[in-house]
Amino acid sequence: MAGHSKWANIQHRKGRQDAKRGKIFTRLIKEITVAARMGGGDMTGNARLRLAVEKAYDQNMPKDNVERAIKRGTGDLEGVNYEEIRYEGYGIGGAAVIIDCMTDNRTRTVADVRHALAKNGGNLGTDGSVAFLFKHCGQLIFAPGTSEDKLMEAALDAGAEDVVTNEDGSLEVLCTPPDFAKVKAGLEKAGFKADFAEITMKPTLENEIKGEDAARMQKLLDALEAIDDVQDVYTTAVLEGA
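Residues 0 to 241 in numbering that gives the first Met the number 0 are what the sequence shown spells out, letter by letter.
Shown next, in the form of structure tokens:
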């Protein structure tokens with residue numbers, strides 16, 4: 000996202016997520032189930048599961064829902080067996096899009112993703128066609144007005160790779176995915192709670208899209224996110240006035 004609009008874009012994204020809370024619960028349950036299946040049900044030794052559970056509680060998911068999802072993942076309860084799939088493609092103006100899915104029916108999912116892209120002016124790419132435009136990393140974003148010097152000191156002490164100051168005054172702490180939980184905990188211990196924190200695919204370049212094209216790109220992103228099997232959508236597009 001462009002520096003001048005970073006904070007506005009983050010708040011817009013959070014607002015859209017809050018409006019889809021029911022779908023967020025479904026996606027978090029899938030993530031917890033898969034994390035437990037792959038790494039076991041003990042959160043102390045399964046960082047991915049711990050992060051998924053923390054995110055679920057941040058969204059006020061009931062504890063019973065979380066525990067059932069873990070048990071389905073470990074096989075203590077019967078449940079659907081999901082597999083993870085990543086699709087890559089292009090949106091308006093050639094903006095890159097990554098679509099991460101969890102599904103029990105690969106044929107259905109690829110058809111839904113291809114349809115959503117094609118109907119809204121995009122197209123599906125091949126594996127690796129756009130992934131090189133993104134960096135897999137932990138990202139924690141702090142509001143304008145946060146002390147840059149104090150945050151930088153705390154972030155480096157916690158094991159972060161970098162602290163970026165955006166033009167709008169917001170601050171980003173970046174780290175490797177394995178260090179995310181440690182960095183987040185270290186910053187919170189130092190008194191810094193991020194307004195937005197996740198392991199993400201951060202674009203290494205951006206496509207600024209304005210006006211009607213921005214509205215079309217937003218419609219495409221909404222169509223992808225509305226697909227039940229889609230977990231996350233990442234894009235190089237920065238939307239102005241969508």
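Quick reminder that beta carbons are idealized off the backbone N, C-alpha and C, glycines included.
It should be emphasised that the depicted structure is a prediction, and the values quoted were computed from it without experimental measurement.
Quick check on DSSP: helix, strand or coil for Gly137? Residue mapping note: residue 137 aligns to position 138 of the sequence shown, counting from 1. The answer is strand: DSSP assigns Gly137 an E or B state.
Distance between Arg71 and Ala39 (C-alpha atoms, nearest Å): Here residue 39 is taken as the residue at index 40 of the sequence shown, counted from 1. Here residue 71 is taken as the residue at index 72 of the sequence shown, counted from 1. A small fix is needed here, since residue 39 is Gly in this sequence, not Ala. Their backbone Cα atoms lie some 11 Å apart in a straight line.
What's the gap between the Cα of Arg67 and the Cα of Glu53? Taking the sequence shown and counting its residues from 1, one reaches residue 67 at position 68. Taking the sequence shown and counting its residues from 1, one reaches residue 53 at position 54. Rounded to the nearest angstrom, the two C-alpha atoms are 15 Å apart.
Considering only residues of the same chain and omitting the five flanking positions on each side of Thr43, which have a CB-CB separation below 8 Å? The sequence position of residue 43 within the sequence shown is 44, counting from 1. So the qualifying residues of the chain are Arg49.
I need the boundaries of the alpha helix (DSSP H) containing Ile69, first residue and last residue. The residue labelled residue 69 in the question sits at position 70 within the sequence shown. Where Ile69 is concerned, the enclosing alpha helix (DSSP H) stretches over 62-73.
C-beta contact flag for Lys201 and Lys134 at 8 Å: For the purposes of this step, residue 201 is taken as the residue at position 202 of the sequence shown. For the purposes of this step, residue 134 is taken as the residue at position 135 of the sequence shown. It is a contact, given that the beta carbons lie within the stated cut-off.
Going by DSSP, which residues form a beta bridge with Met200? What you label residue 200 is simply residue 201 of the sequence shown in a count that begins at 1. Met200 pairs with His135.
Can you give the Cα-Cα distance for Ala1 and Glu207, rounded to whole angstroms? Counted from its first residue, the sequence shown places residue 1 at position 2. Counted from its first residue, the sequence shown places residue 207 at position 208. Low confidence applies here, because Ala1 scores a pLDDT of 38, under 50, leaving its location unreliable and the question unanswered by this model.
Does the CB of Val52 have a neighbour CB from chain C at under 8 Å? Given the protein chain composition of this structure (a single chain), no chain C is represented.
With 16 other Cβ atoms within 10 Å as the buried cut-off, status of Arg215: On the sequence shown, position 216 is the one that residue 215 refers to. With 16 or more Cβ atoms within 10 Å of its Cβ, Arg215 is classed as buried.
Taking its Cβ as the centre, do 16 or more other Cβ atoms sit within 10 Å of Val162, making it buried, or is it exposed? If you number the sequence shown from 1, residue 162 lands on position 163. When all chains shown are included, Val162 counts as buried.
Is the stretch 215-233 touching the stretch 148-166 in the sense that three or more CB pairs, one from each, lie closer than 8 Å? Flag = no, the stretch 148-166 and the stretch 215-233 do not touch.
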